[in-house]
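S.K.: Structure incoming, see below.
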Amino acid sequence: MQKLKEYNLHYPNPIKITGFMVDRYNKCLELFGIQPTKLSEFTIDGKGWSPEIATEKNEIHYLNNGEANPQAILISPLQKEVEIYEPFSTFDKELINLIFQSYFNEIKDITKESALCIEFNQGIDVYYDVYDLLKIKKITIEFHLINDLGTVKKSQLELVAEFNKDNNFVNEKLHKKILNSVRKYGDLRNRNLNLKSLNYKTNSFYTKAFGGVFVFKDFANEILIFENKQQYNQAIKNDTFKGVIFYIEQTELFSILEKYIVLELNIVKNANSERYKRIKKHLFTQMFSKTEQPLEQILDNDLLFKRYLNGLDLQGKKRLMAVDRFVELKNKDSKILPKDSIPSDVIRALYQPHSSLLDVNTFLIWKLLSKIAPADPVNMYRYAKDIFFKNYISYDESYKNWIIKNIRNSKN
């Protein structure tokens, strides 16, 4: 991962936590019932999640209080500009965005002396089965302050009121109490420390609960797509659910999602797209265990690419050029079908979200496709970083360079 880190692509722009901020962070952990970290410095993302603490605790989602109770820590207004590195659900970033949109100035003010410990209340204490995910209609964002600043503010107001009574302005003990409180906590009298709860309305989403589930609510029927075969097998025993249930590796998934106008396949239209070019070059890298020139050089040089293409056996040539050959044949015979000349795994890689989808569903379908057919490294990085990082480790070093360059330069 070192190359990704060098180009700020692995946990980009983290916020470093040191000194007194470590203490504040630990107080939030204690408020959540989580053991404090022993680290003297670490980094966090936009949600307050730390990769170093996750490693220390050997628990990726250590901020969660069970799968049904996600939590967050805001310790700096700078978190507004930082990605969420390990979202548990796809709406995590939207929740953090809503908080900053609603209370940015208050967060700047509060984090001068305190930190915000945040609960995302889904109205469900525990998930008993996967169908509980369908009950998530609204998420209430609830705020808690460390150091009990709300009570301290109330005390300061009471002390000042007492100071203004009669001749109390000469009371040295009262002077000392007020000064001690201000030195420790600042003047809180006019500070807005009472952040009212926010409500977020959910629609379709992906969650890592139950081994990973896509929950689609915006179609003719509700659709659940499972990453975990065991959880899928358990879910299909339910005979009351009226929606559609799939395991992510079922071959008929694509045809059903086409029927529901969720996916579309237009090979001729997309044959010249940047995405197809990346897919084709990814397929190329799988056909050679060793090359004379670095892969990065071959993939960026048409002459070298053709040289290696012509060095393949007939089946290899047909596989790599299947889409190009299909487009050529389609121009001569409109009745020809993709399956007649293109391998099924290549066809799956060429599907895309239907153009009529809402943005949230478009994002989810790209995420789904990047998991089912991980052939475009740029889309994997954008939509399924867990798959990308897992696959990236095994790639040729030169191919890693090519991928990094394309991620940085890509716009489509």
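Each number in the working numbering corresponds to the 1-based position in the sequence shown with 444 added. Every residue, glycine too, gets a C-beta built ideally from N, C-alpha and C.
1) When DSSP builds the beta bridges, which residues end up paired with residue 644?
2) Three-state secondary structure (DSSP) at residue 652?
3) Could you pull out every residue in the same chain whose Cβ sits closer than 7 Å to the Cβ of residue 472, ignoring the five residues on either side in sequence?
4) Comparing C-alpha positions only, which one of 666, 795, 655, 681 sits nearest to residue 672?
5) Would residue 739 and residue 840 be called neighbours here (beta carbons separated by less than 7 Å)?
6) Alpha helix (DSSP H) containing residue 512: first to last residue?
7) If you compare alpha carbons, which of 609, 748, 723 is closest to residue 735?
8) In chain order, what residues of the same chain have a beta carbon less than 7 Å from the beta carbon of residue 662, not counting five sequence neighbours either side?
9) Which one of 666, 794, 584, 580 has the shortest CA to CA distance from residue 641?
10) Sorted by chain position, which residues of the same chain lie with C-beta nearer than 6 Å to residue 778's C-beta, five sequence neighbours on each side aside?
11) Assuming residue 691 and residue 676 are in contact, meaning their beta carbons sit under 8 Å apart, how far apart are those beta carbons, in whole angstroms?
12) Once you ignore the five residues that flank residue 674 on each side, which residues in its own chain have a CB closer than 8 Å to its CB?
13) So residue 802 is in the alpha helix (DSSP H); what residue range does that whole segment cover?
14) Is residue 563 helix, strand or coil by DSSP?
15) Please work out which residues of its chain come closer than 6 Å, Cβ to Cβ, to residue 832, disregarding the five sequence neighbours upstream and downstream, and give them in chain order.
16) Can you grab the Cα-Cα spacing for the pair residue 759 / residue 838, in whole Å?
17) Output the boundary residues of the beta strand (DSSP E) element that contains residue 837.
18) Helix, strand or coil, according to DSSP, for residue 459 in the structure here?
19) Using a 10 Å radius around the Cβ and a threshold of 16 neighbouring Cβ atoms, would you call residue 468 buried or exposed?
20) With a CB to CB cut of under 6 Å and the five nearest residues on each side skipped, what residues in its chain are close to residue 445?
21) Along the chain, which unbroken stretches of the alpha helix (DSSP H) at least 4 residues long are found entirely within the region 724-803?
22) So residue 702 is in the beta strand (DSSP E); what residue range does that whole segment cover?
23) If you run the structure through DSSP and keep just helix, strand and coil, what is residue 684?
24) Determine, using beta carbons only, whether residue 814 and residue 795 come nearer to each other than 7 Å.
25) Just mark residue 722 as buried or exposed, buried being the case when its beta carbon has 16 or more other beta carbons within 10 Å.
26) Buried or exposed for residue 707, please, with buried defined as at least 16 other CB atoms from any protein chain shown within 10 angstroms of its CB.
27) Return the Cβ separation of residue 668 and residue 653 in integer angstroms, given the expectation that the two are a contact with Cβ distance under 8 Å.
M.R.: Looking at the coordinates:
1) Residue mapping note: residue 644 aligns to position 200 of the sequence shown, counting from 1. According to DSSP, residue 644 bridges with 583.
2) Counting from one through the sequence shown, the residue named residue 652 turns up at place 208. Of the three classes helix, strand and coil, the one that applies to residue 652 here is coil, per DSSP.
3) If you number the sequence shown from 1, residue 472 lands on position 28. Here the set comprises 517, 559, 561, 590.
4) One-based indexing of the sequence shown puts residue 672 at position 228. Among 666, 795, 655, 681, the Cα nearest to that of residue 672 is on 655.
5) Indexing the sequence shown from 1 puts residue 739 at position 295. Indexing the sequence shown from 1 puts residue 840 at position 396. Going by C-beta atoms, residue 739 is nearer than 7 Å to residue 840.
6) Locating residue 512 in the sequence shown gives position 68, where the first residue counts as 1. Here residue 512 belongs to no alpha helix (DSSP H), and DSSP marks it neither H nor E.
7) Locating residue 735 in the sequence shown gives position 291, counting from the first residue. Taking only the C-alpha atoms, the option nearest residue 735 is 748.
8) Position 218 of the sequence shown, counted from the first residue, corresponds to residue 662. Cβ neighbours of residue 662 beyond the five flanking positions: 647, 648, 802, 805.
9) The sequence position of residue 641 within the sequence shown is 197, counting from 1. When each option's Cα is compared against that of residue 641, the closest is 584.
10) Translated into positions along the sequence shown, residue 778 becomes position 334. Taken in chain order, the list of residues that qualify is empty.
11) Position 247 of the sequence shown, counting from 1, holds the residue named residue 691. Position 232 of the sequence shown, counting from 1, holds the residue named residue 676. That belief holds up - the Cβ atoms of residue 691 and residue 676 are roughly 4 Å apart, short of 8 Å.
12) Translated into the one-based positions of the sequence shown, residue 674 becomes position 230. Hits under 8 Å: 655.
13) Walking along the sequence shown from the start, residue 802 turns up at place 358. No alpha helix (DSSP H) holds residue 802; DSSP gives it neither H nor E.
14) For the purposes of this step, residue 563 is identified with residue 119 of the sequence shown, where counting begins at 1. Residue 563 falls in the strand class under three-state DSSP.
15) Looking up residue 832 in the sequence shown gives position 388. Cβ neighbours of residue 832 beyond the five flanking positions: 824, 825.
16) Residue numbering aside, residue 759 sits at position 315 when the sequence shown is read from its first letter. Residue numbering aside, residue 838 sits at position 394 when the sequence shown is read from its first letter. Spanning the two alpha carbons is a distance of roughly 25 Å.
17) Here residue 837 corresponds to residue number 393 of the sequence shown, with the count starting at 1. Counting along the chain, residue 837 falls outside any beta strand (DSSP E), and DSSP gives it neither H nor E.
18) As a working mapping, residue 459 is identified with position 15 in the sequence shown. Here residue 459 sits in strand by DSSP.
19) Taking the first residue of the sequence shown as position 1, residue 468 is located at position 24. Flag for residue 468 reads buried.
20) On the sequence shown, position 1 is the one that residue 445 refers to. Cβ within range, chain order: 454.
21) 739-743, 746-754, 758-764, 766-776, 788-794
22) Position 258 of the sequence shown holds residue 702. Premise fails: residue 702 lies in the alpha helix (DSSP H), 697-703, not in any beta strand (DSSP E).
23) What you label residue 684 is simply residue 240 of the sequence shown in a count that begins at 1. Residue 684 falls in the coil class under three-state DSSP.
24) Looking up residue 814 in the sequence shown gives position 370. Looking up residue 795 in the sequence shown gives position 351. No, the pair does not count as a contact, with Cβ atoms beyond the cut-off.
25) Within the sequence shown, the letter at position 278 stands for residue 722. In summary, residue 722 is buried, with 16 or more beta-carbon neighbours lying within 10 Å of its beta-carbon over all protein chains present.
26) Locating residue 707 in the sequence shown gives position 263, counting from the first residue. Classification of residue 707: buried, given that the 10 Å Cβ count is 16 or more.
27) Translated into the one-based positions of the sequence shown, residue 668 becomes position 224. Translated into the one-based positions of the sequence shown, residue 653 becomes position 209. Not a contact, Cβ separation roughly 12 Å.
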